[in-house]
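**Q**
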Amino acid sequence: MPDTLPLGLNDVLFFALDKSDASHEGVAYNDYAISNTLFHWQSQNSAAPHTTAGKRYLESPANGWRFQLFVRTNKQSPYYACGPVQLHKHHGEKPINITWQLQHPLPMRLFRKFSVLNG
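As numbered in numbering that gives the first Met the number 0, residues 0 to 118 make up the sequence shown, in order.
#1: If I measure Cβ to Cβ from Pro60 and keep anything under 8 Å in the same chain, skipping five residues before and after, which residues do I get?
#2: Please go through the region 38-115 and give each complete alpha helix (DSSP H) segment of 4 or more residues, from N-terminal end onward.
#3: I need the DSSP call for Leu16, collapsed to helix, strand or coil.
#4: By Cβ distance, which residues of its chain are closer than 6 Å to Gln67, with the 5 residues on each side in sequence left out?
#5: Mind checking whether Asn9 and Arg65 have CB atoms under 8 Å apart?
#6: Report the CB separation of Thr36 from Leu109 in whole angstroms; it is logged as a contact under 8 Å.
#7: Tell me whether Gly118 sits in a helix, a strand or coil according to DSSP, three-state version.
#8: Assuming Lys88 contacts Thr98 under a Cβ cut-off of 8 Å, what Cβ separation, rounded to an integer in Å, is found between them?
#9: Under 8 Å between the Cβ atoms of Phe38 and Ala32?
#10: If you draw a straight line from the C-alpha of Leu105 to the C-alpha of Asp30, how long is it?
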């Protein structure tokens with residue numbers, strides 16, 4: 000049997016940038032647009048490079064997983080589909096800091112809304 004990658008492994012990442020009204024303590028993820036093609040995202044606090052979730056993120060695209068970003072500014076805002084992303088770089092663990100490369104650049108209005116410079 001040939002060693003092939005599984006097809007159709009998709010993970011949809013939905014998140015809000017403003018965590019001030021989070022329902023539990025310890026939610027302090029640091030998510031923001033770096034540029035119109037790069038997005039900084041932090042994984043769940045339990046994710047490390049050796050965990051199942053960590054491997055799913057860090058071993059992509061070789062492991063067949065594909066990711067889509069859906070971002071909103073806060074719980075009251077609609078989600079914006081930012082499209083498919085690929086791993087650009089990462090560091091740390093619990094949480095893992097991941098920089099995603101967006102396949103389609105963010106429109107300038109969304110970059111301004113999602114940028115760390117916004118606040």
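Ideal placement from N, C-alpha and C gives every residue a C-beta, glycine not left out.
None of the values given here were measured: they were computed from a predicted structure.
**A** From the atom records:
#1: By the criterion of a C-beta distance shorter than 8 Å, Pro60 is surrounded in its chain by Gln85, Leu86, once the five residues flanking it on both sides are discounted.
#2: Qualifying alpha helix (DSSP H) stretches, in chain order: 51-57, 107-113.
#3: The answer is coil: DSSP assigns Leu16 none of H, G, I, E or B.
#4: Correct list, in chain order: Val11, Pro83.
#5: Against a cut-off of 8 Å, the Cβ pair of Arg65 and Asn9 comes out as a contact.
#6: At roughly 12 Å, the Cβ-Cβ gap does not stay under 8 Å, so Thr36 and Leu109 are not in contact.
#7: Below a pLDDT of 50, predicted positions are generally treated as unreliable, and Gly118, at 49, falls in that range; the measurement from the model is reported next regardless. For Gly118, the secondary structure class from DSSP, reduced to helix, strand or coil, is coil.
#8: Confirmed, Cβ separation roughly 5 Å.
#9: In this structure, Phe38 places its C-beta atom within 8 Å of the C-beta atom of Ala32.
#10: Looking at the two C-alpha atoms, the distance is approximately 15 Å.
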